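S.K.:
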Amino acid sequence: MKPIKKNANSLFPFSFVYKGSKDPKNELPTHIHDFHEIIYVHKGTGTIFINNILYDMNKGDVFIVPNDTIHHAVPNQNDLVTSSVIFFSPALIQTIAVEDNFSYLLIVEKIKKHKHYKISLSVKNQSIFEQFLHNIEEELNGKKLGFIHAAILITHQILLFLSRLSIEQIDKTFRDENLNRFWMNEIFSYIDHSLRGNISLNLLAKKAHVSPAHFSRVFKETTGMGLTVYINKKRTYKAKELLRETDYPVSHIAELSDFDSTPHFYRTFKKLVGTTPADYRKNKK
Numbered sequence: 018m019k020p021i022k023k024n025a026n027s028l029f030p031f032s033f034v035y036k037g038s039k040d041p042k043n044e045l046p047t048h049i050h051d052f053h054e055i056i057y058v059h060k061g062t063g064t065i066f067i068n069n070i071l072y073d074m075n076k077g078d079v080f081i082v083p084n085d086t087i088h089h090a091v092p093n094q095n096d097l098v099t100s101s102v103i104f105f106s107p108a109l110i111q112t113i114a115v116e117d118n119f120s121y122l123l124i125v126e127k128i129k130k131h132k133h134y135k136i137s138l139s140v141k142n143q144s145i146f147e148q149f150l151h152n153i154e155e156e157l158n159g160k161k162l163g164f165i166h167a168a169i170l171i172t173h174q175i176l177l178f179l180s181r182l183s184i185e186q187i188d189k190t191f192r193d194e195n196l197n198r199f200w201m202n203e204i205f206s207y208i209d210h211s212l213r214g215n216i217s218l219n220l221l222a223k224k225a226h227v228s229p230a231h232f233s234r235v236f237k238e239t240t241g242m243g244l245t246v247y248i249n250k251k252r253t254y255k256a257k258e259l260l261r262e263t264d265y266p267v268s269h270i271a272e273l274s275d276f277d278s279t280p281h282f283y284r285t286f287k288k289l290v291g292t293t294p295a296d297y298r299k300n301k302k
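This note's numbering puts the first residue of the sequence shown at 18, with every later residue one more than the last.
1. Less than 9 Å between the beta carbons of Thr240 and Thr285, yes or no?
2. Can you tell me which of Gly61, Leu109 and His269 puts its alpha carbon nearest to the alpha carbon of Ala295?
3. Compare the C-alpha of Leu273 against each of Arg213, Leu218, Ser233 and Arg261 and name the closest.
4. Please state whether the Cβ-Cβ distance between Tyr57 and Ser101 is less than 9 Å.
5. Of all the options Thr62, Leu123, Tyr121 and Val115, which has the alpha carbon lying nearest to the alpha carbon of Gln94?
6. Given a threshold of 16 other Cβ atoms within 10 Å of its Cβ, counted over all protein chains shown, does Ser144 qualify as buried or as exposed?
7. CB-CB under 6 Å to Lys301, same chain, minus the five flanking residues each way: which ones, in chain order?
8. Where does the unbroken beta strand (DSSP E) through Ser32 begin, and where does it stop?
9. Assign Asp78 to one of three DSSP states: helix, strand, or coil.
10. For Glu223, name the three-state secondary structure that DSSP assigns.
11. Using alpha carbons as the reference points, say which of Leu179, Asn118, Phe104 and Lys160 lies closest to Asp78.
12. Which residue or residues does DSSP assign as beta-bridge partners of Asp73?
13. Report yes if the C-beta distance between Glu203 and Val91 is below 9 Å; otherwise report no.
14. Would you kindly report the start and end of the unbroken alpha helix (DSSP H) that includes Lys299?
15. By the DSSP assignment, the alpha helix (DSSP H) with His281 in it spans what residues?
16. Label His281 either buried or exposed according to how many other C-beta atoms from any shown protein chain fall within 10 Å of its C-beta, with 16 as the threshold for buried.
17. To which residues does DSSP link Asn93 through a beta bridge?
18. Select from Pro30, Asp96 and Pro83 the residue whose C-alpha is nearest the C-alpha of Lys76.
19. From what residue to what residue does the alpha helix (DSSP H) around Lys257 run?
20. Start and end of the beta strand (DSSP E) containing Lys135?
Written out as structure tokens, the structure reads:
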């Protein structure tokens with residue numbers, strides 16, 4: 018099924034892909050977007066990179082990617098992932114407080130707080146989740162009165178269902194995944210804490226105890242880009258947040274975002290975002 022999208026400029030976008038498969042060469046490079054994303058794996062294997070963490074992708078896995086979270090999927094060429102994906106704006110989700118200890122976006126907030134983005138469902142819960150997805154597909158294909166509203170209501174049910182999986186259960190799932198077996202995770206963490214310094218390929222390869230050539234190959238396979246582009250994107254994401262949320266001068270934001278100079282910041286930002294920092298701030302405000 019093709020994605021169902023409202024106008025890209027709408028405040029209330031919703032998109033759904035049902036049981037889609039992509040060859041690795043057709044996957045998007047590392048990217049972010051304004052929507053929340055829920056990914057469910059029906060079959061196949063691969064890896065997915067979310068906010069500096071690598072996860073295996075297997076049948077029954079759910080990945081919750083909050084808005085403005087860097088991510089990139091790498092399907093296994095010999096066992097392509099078939100997945101269903103829901104993209105939705107936070108503005109679509111009902112936020113009127115009915116219970117003090119619950120909101121439909123509770124699970125997204127917990128995911129963001131704990132920085133763990135994967136939930137592995139039991140066989141029983143896989144059946145329940147797949148029925149939710151099937152119901153969305155039926156609504157969007159049937160196009161009866163209120164079909165998009167119905168799809169969004171089912172998305173609320175999915176968020177409630179995931180929230181009822183206690184955070185303790187989620188944490189146990191993450192521990193069982195043994196995430197530290199990916200040596201790249203420590204490198205991503207190091208880069209995050211060292212953006213202001215001189216981060217070189219040789220330095221990172223030495224920290225990872227691998228050759229620069231091996232490091233460069235694995236890094237590009239994991240993130241879909243070279244080291245320099247990745248670092249510039251990380252700095253640009255930080256600058257975008259500061260442009261949206263502060264009134265600091267652009268030169269100060271360039272410094273806070275760890276760019277070498279304001280001209281370098283302007284060039285990099287324009288290349289990656291497609292607009293100048295000043296225009297980006299103006300459009301977002």
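Even for Gly, the Cβ is constructed at its ideal location relative to N, Cα and C.
As the structure is a computational prediction, the values presented were derived from the model and not from experiment.
M.R.: Quick answer:
1. no
2. His269
3. Arg213
4. yes
5. Ranking Thr62, Leu123, Tyr121 and Val115 by CA distance to the CA of Gln94 puts Thr62 first.
6. exposed
7. Arg261
8. Element bounds for Ser32: Phe31 to Ser38.
9. strand
10. Glu is not the amino acid found at residue 223; the sequence shown has Lys there. It is helical.
11. Leu179
12. Thr64
13. no
14. Pro294 to Lys301 is the extent of the alpha helix (DSSP H) around Lys299.
15. Thr279 to Val290
16. Exposed, by the Cβ-count rule.
17. Asp96
18. Closest by alpha carbon: Asp96.
19. Where Lys257 is concerned, the enclosing alpha helix (DSSP H) stretches over Leu244 to Glu262.
20. Taken as a continuous stretch (DSSP letters only), the beta strand (DSSP E) holding Lys135 covers Lys135 to Ser137.
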